[in-house]
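Novice: Pasting a structure here, questions to come.
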DNA sequence: ACGCTGATTTCGTGATCACAATTTTCCATG
DNA sequence: CATGGAAAATTGTGATCACGAAATCAGCGT
């Protein structure tokens, strides 16, 4: 594979993206966006083939993702997406309920109108995904709505931690959202946007917390 | 499934521990306990040799640890322990200040006297490490003091997240503790123990928060 | 003494392979 | 028709290798 020939003048702004990175990002997105159900089995050779690489980068990606809780390794090394117990789901939800209000609060001071408008647009796409009953698109836009806000918090470590929590919840969220097909958009997104416009810290924290906890508690029924 | 019959002479109680796991655990402990200064360079071949394995398990361990923020990969793939900016240190400290009071509070309901006694003993060892001005032993016993409490919270995901934060801070804590050799044990451990004995949730949360923030703020001078 | 350039060494990456263990398949037996 | 177990296919593990890129070093010139 004459890779250097095929990449004559690499656009300097973007990294060349190693094989491992492509596989990692691809798998990570599939998992976080709920494209895989809980308990879905994967193989290193299969992953490698679907990304056009050998086992080696596939294995590294799997190790990395399993370290983040996005994949489960059985005792014999078999790879599956995690099947979370109810206890674990509740714990992850409570972590979200702890981190997200904090991130929102930090972002509030730096949020300007352009940001809120952008979130509004994303929220529309989210509502559309609900109408289409498209779980993957719903999860994707929902996460993008939150991440757009949290990026303004300028707290990369905290956001990174939160993303690993989202990652762990990906397959479970898919299962829950496909099981009971919801027909109404998450109601608290409006409250979040209002609190942002008003610059009301307490209201924003509350809206974020209830959005997270209600969203998951509503599904555990 | 008569697997136990077919198994030759494996010690049943402990997993065989794959090469990758041994390397991962070994490196992780070195980093978390502050045995390596910030910016310390590592090589895959060197890691492999020091653990008696080939590059492959070494590489997987490094990938995993870098995913957790315990190691930094340069653009060319070079491996070093992270050199944290002051901003990053503050952010990680505020994450600790967010998670640790929550974990402590959850543990409080389940904490019995034997646990507090154990923490007392660990705290003595911690004070001894201060007198000996032994940074590694100080960090180790300090973390063990906290972890002993948080294990009772029965919140493995939250504790896991916290440990990755500790991991990221390992080399920096070593640098800080060796730079200014402190001569007095952390004063808030007493407050933590008192709050535990009194069953006072608010006091425990406060003591944990100040222990975390003061501990790091005291060193940034 | 200092800086630059070219050679050499070191290093990470990704592919491939042998091997052992597991899982699956399939057929014979009750 | 179910069931048990042997054979075959599949899978993860770890070692090794070639390759290109990066870092280190040597030697030269200024």
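Chains as they are written, first to last, in full-length UniProt numbering: chain G, 1 to 221; chain A, 1 to 221.
Ideal Cβ placement from N, Cα and C applies to all residues, glycine included.
1. Can you grab the Cα-Cα spacing for the pair residue 137/G / residue 160/G, in whole Å?
2. Please identify, using Cβ separations under 9 Å, the residues of the segment 94-105 of chain G that lie next to chain A, in order along the chain.
3. Going by DSSP, name the residue or residues bridged to residue 73/A.
4. Could you name the residues of the same chain whose beta carbon sits closer than 8 Å to that of residue 85/G, not counting the 5 residues immediately before and after it, in chain order?
5. For residue 165/A, which residues of its own chain have a beta-carbon under 7 Å away from its beta-carbon, when the five flanking residues on both sides are left out?
6. What residue from 105/A, 198/A, 184/A has the CA that sits closest to residue 127/A's CA?
7. Would residue 81/G pass as a contact of residue 71/G if the rule is Cβ separation under 8 Å?
8. With which residues is residue 42/A paired in a DSSP beta bridge?
9. For chain G, check one thing: does any of its Cβ atoms lie closer than 8 Å to the Cβ of residue 64/A?
10. With DSSP collapsed to three states, give me the class of residue 136/G.
11. Closer than 7 Å by C-beta to residue 175/G: which residues in its own chain qualify, once you throw out the five before and the five after it? Chain order, please.
12. Give the DSSP-derived three-state secondary structure of residue 144/G in the structure shown.
13. Between the Cα of residue 212/G and the Cα atoms of 28/G, 112/G, 145/G, which residue gives the shortest distance?
14. Grab me the residues of residue 35/A's own chain with a C-beta within less than 6 Å of its C-beta, minus the 5 sequence neighbours each way, in chain order.
15. Tell me, to the nearest whole angstrom, how far the beta carbon of residue 63/G is from that of residue 25/A; I am working on the premise that it is less than 8 Å.
16. With 16 as the cutoff for other CB atoms within 10 Å, does residue 143/A come out buried or exposed?
17. Does DSSP put residue 113/G in a helix, a strand or coil?
18. Give the DSSP-derived three-state secondary structure of residue 154/G in the structure shown.
19. Confirm, please, whether the CB-CB distance from residue 203/A to residue 152/A is below 8 Å.
20. With a CB to CB cut of under 6 Å and the five nearest residues on each side skipped, what residues in its chain are close to residue 139/G?
21. Are there 16 or more other CB atoms within 10 angstroms of the CB of residue 215/G, so buried, or fewer, so exposed?
22. Compare the C-beta of residue 110/G against all C-beta atoms of chain A and say whether one is closer than 8 Å.
23. My output table needs one value for residue 6/G: the three-state DSSP class, helix, strand or coil.
24. Between residue 55/G and chain A, is there a C-beta pair that is closer than 8 Å?
25. Return the chain-ordered list of same chain residues with a C-beta closer than 7 Å to the C-beta of residue 22/G, the five sequence neighbours on each side being excluded.
26. Can you tell me the Cβ-Cβ gap for residue 162/A and residue 208/A, rounded? I've got them flagged as a contact below 8 Å.
27. Taking the C-alpha atoms as reference points, what is the distance between residue 150/A and residue 57/A?
28. Show which residues of chain A have a CB atom less than 7 Å away from the CB atom of residue 155/G.
29. Name the residues in the segment 138-165 of chain G whose C-beta lies less than 9 Å from a C-beta of chain A; which are they?
30. I'd like the span of the alpha helix (DSSP H) that includes residue 68/G, first residue to last.
31. By the 9 Å beta-carbon criterion, what residues does the UniProt domain "HTH gntR-type" (17-83) of chain G contribute toward chain A?
32. Just reading off the alpha helix (DSSP H) that residue 21/G is part of, what are its end residues?
33. Taking the C-alpha atoms as reference points, what is the distance between residue 308/G and residue 67/A?
34. With DSSP as the reference, label residue 120/A as helix, strand or coil.
Specialist: According to the structure data:
1. Numbered from its first residue, the first chain carries residue 137/G at position 137. Numbered from its first residue, the first chain carries residue 160/G at position 160. The straight-line gap from Cα to Cα measures roughly 22 Å.
2. Within the segment 94-105 of chain G, the qualifying residues are 94, 95, 98, 99, 102.
3. Stepping through the second chain from its first residue, residue 73/A is reached at position 73. Residue 73/A pairs with 79/A.
4. In the first chain, residue 85/G corresponds to position 85, counting from 1. So no residue of the chain qualifies.
5. To locate residue 165/A, count along the second chain from 1; it is residue 165. Short of 7 Å from the beta carbon of residue 165/A, and not among the five residues preceding or following it, lie these beta carbons of its own chain, in chain order: 92, 95, 96.
6. Within the second chain, residue 127/A is the residue found at index 127, counting from 1. Measuring from the Cα of residue 127/A, the nearest candidate turns out to be 184/A.
7. Counted from its first residue, the first chain places residue 81/G at position 81. Counted from its first residue, the first chain places residue 71/G at position 71. At the C-beta level, residue 81/G and residue 71/G come within 8 Å of one another.
8. Indexing the second chain from 1 puts residue 42/A at position 42. According to DSSP, which records beta bridges pairwise, residue 42/A is partnered with 79/A.
9. Mapped onto the second chain, residue 64/A falls at position 64. For residue 64/A, the nearest beta carbon of chain G is closer than 8 Å to its own beta carbon.
10. Numbered from its first residue, the first chain carries residue 136/G at position 136. Three-state DSSP puts residue 136/G in a helix.
11. By 1-based counting over the first chain, the position of residue 175/G is 175. A distance below 7 Å between beta-carbons, with the five flanking residues on each side excluded, links residue 175/G to the following residues of its chain, in chain order: 37, 38.
12. For the purposes of this step, residue 144/G is identified with residue 144 of the first chain, where counting begins at 1. Residue 144/G sits in a helix when the DSSP states are folded into three classes.
13. Here residue 212/G corresponds to residue number 212 of the first chain, with the count starting at 1. Looking at 28/G, 112/G, 145/G, the one whose alpha-carbon comes closest to that of residue 212/G is 145/G.
14. For this step, residue 35/A is matched to residue 35 along the second chain. The residues are 136.
15. One-based indexing of the first chain puts residue 63/G at position 63. One-based indexing of the second chain puts residue 25/A at position 25. The Cβ separation is near 14 Å, so there is no contact.
16. To locate residue 143/A, count along the second chain from 1; it is residue 143. So residue 143/A ends up on the buried side.
17. For the purposes of this step, residue 113/G is taken as residue 113 along the first chain, with counting starting at 1. Residue 113/G falls in the helix class under three-state DSSP.
18. Counting from one through the first chain, the residue named residue 154/G turns up at place 154. It is coil, neither helix nor strand.
19. For the purposes of this step, residue 152/A is taken as residue 152 along the second chain, with counting starting at 1. For the purposes of this step, residue 203/A is taken as residue 203 along the second chain, with counting starting at 1. Cβ atoms of residue 152/A and residue 203/A: not closer than 8 Å.
20. Sequence index remark: in the first chain, residue 139/G carries index 139 (1-based). Same-chain partners within the cutoff: 33, 34, 173.
21. As a working note, residue 215/G is residue 215 in the first chain. Burial call: buried.
22. Within the first chain, numbered from 1, the residue matching residue 110/G stands at position 110. It does not: the Cβ of residue 110/G has no partner Cβ on chain A nearer than 8 Å.
23. Here residue 6/G corresponds to residue number 6 of the first chain, with the count starting at 1. For residue 6/G, the predicted model reports a pLDDT of 29, less than 50, meaning its position is unreliable; a value from the coordinates is still stated below. In the structure shown, the three-state DSSP call for residue 6/G is helix.
24. Looking up residue 55/G in the first chain gives position 55. Closer than 8 Å: no.
25. Within the first chain, the letter at position 22 stands for residue 22/G. Here the set comprises 51.
26. Translated into positions along the second chain, residue 162/A becomes position 162. Translated into positions along the second chain, residue 208/A becomes position 208. Incorrect: roughly 11 Å between the Cβ atoms, too far for contact.
27. Taking the second chain and counting its residues from 1, the one referred to as residue 150/A is at position 150. Taking the second chain and counting its residues from 1, the one referred to as residue 57/A is at position 57. If I take the Cα positions, the gap works out to 31 Å.
28. As a working note, residue 155/G is residue 155 in the first chain. Neighbours of residue 155/G in chain A, taken as residues at a C-beta separation under 7 Å, are given in chain order as 91.
29. The segment 138-165 of chain G vs chain A, Cβ under 9 Å: 154, 155, 156, 157, 158, 160, 161, 164, 165.
30. Translated into positions along the first chain, residue 68/G becomes position 68. No alpha helix (DSSP H) holds residue 68/G; DSSP gives it neither H nor E.
31. So the list reads 18, 20, 24, 56, 59, 60, 61, 63, 64, 65, 66, 67, 68, 69, 75, 77, given in the order they occur along the chain.
32. One-based indexing of the first chain puts residue 21/G at position 21. Here the alpha helix (DSSP H) through residue 21/G covers 19-32.
33. Outside the shown range of chain G (1 to 221) lies residue 308/G, about which nothing can therefore be said.
34. For the purposes of this step, residue 120/A is taken as the residue at position 120 of the second chain. Of the three classes helix, strand and coil, the one that applies to residue 120/A here is helix, per DSSP.
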